[in-house]
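Read in order, the letters of the sequence shown are residues 1486 to 1657 in this note's numbering.
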Amino acid sequence: MVKLTEKQRRFADEYIKSGNATDAARLAGYKNAEASAKDNLRKPTIKSYINGVLEEMASKRIMQASEAMELLTTIARGEMEETMYIGTSDGVITIEDKKPDINQRTTALKEILKRYPIDREGKERLLQAQADKATAEAALAKNKADKLTQSGKVNELLQSLLDVKSGGDGSA
């Protein structure tokens, strides 16, 4: 680990607790707390120590991906039970252990499948389905464009008929 003096270590530990550098310097025993705080936060050894401690704390407090996947797996398999509090007609509350319902299990499965690639055959089917969807969307767009083009021609013909009926020569 990083070599710090006892005073620097106290400063860093207090800074980690409070997030206030001036207070940390004062508590660590520095005479000019504000100036010492600024100086200490610029020192690479102290910054390195603080970052190392914060990373270690985060790794203990924040769930890792493997732990999250294990939790999702127990839900998807229906192994985890949830405690339910149920009110009865006579007002007595009973506690019942409930396994995940099908919606919860399906949601957990979807989350797992997002993170793990499917087999080659499944991937090919997915790619084919995406290609088919793109082809269908292109055909729909072309159909709409054709209708708009035809609609424009129909409008021109209707305008010509109206002009002829009103005594015009059909030119716009």
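Where a beta carbon is used, it is the ideal one built from N, C-alpha and C, also for glycine.
ask   = In this structure, what does DSSP give as the bridge partners for D1582?
value = Looking at the DSSP assignment, D1582 forms a beta bridge with T1568.
ask   = With burial defined as no fewer than 16 other Cβ atoms inside 10 Å of the residue's Cβ, what is the status of M1569: buried or exposed?
value = Burial call: exposed.
ask   = Looking at the unbroken alpha helix (DSSP H) that takes in S1521, where does it start and where does it end?
value = Taken as a continuous stretch (DSSP letters only), the alpha helix (DSSP H) holding S1521 covers 1518-1527.
inquiry  = Suppose you measure from the CA of S1551 to the CA of L1633; what does that come to, to the nearest Å?
reply    = Cα-Cα distance, rounded: 54 Å.
K1638 versus A1630 - alpha carbon distance = Taking the Cα positions, K1638 is about 13 Å away from A1630.
message = Taking the straight line between their C-alpha atoms, what separation do you get for S1533 and L1556?
response = One C-alpha to the other measures close to 33 Å.
message = Using only the alpha-carbon positions, how far apart do A1518 and R1546 sit?
response = In this structure, the straight-line span from the alpha carbon of A1518 to that of R1546 is close to 31 Å.
Three or more C-beta pairs below 8 Å linking the region 1520-1534 and the region 1492-1512 = The region 1520-1534 makes contact with the region 1492-1512: 3 or more CB pairs, one atom from each, lie closer than 8 Å.
message = Tell me which residue opens and which closes the alpha helix (DSSP H) that S1503 is part of.
response = Counting along the chain, S1503 sits inside the alpha helix (DSSP H) bounded by residues 1491-1503.
query = Would DSSP call G1655 helix, strand or coil?
reply = Note that G1655 has pLDDT 48, beneath the 50 cutoff, so the model's placement of it is unreliable and no number is given.
ask   = So, helix, strand or coil for D1575, using DSSP?
value = Three-state DSSP puts D1575 in coil, outside helix and strand.
C-beta contact flag for E1566 and D1586 at 8 Å = Contact annotation: E1566 and D1586 have beta-carbon atoms that are not nearer than 8 Å.
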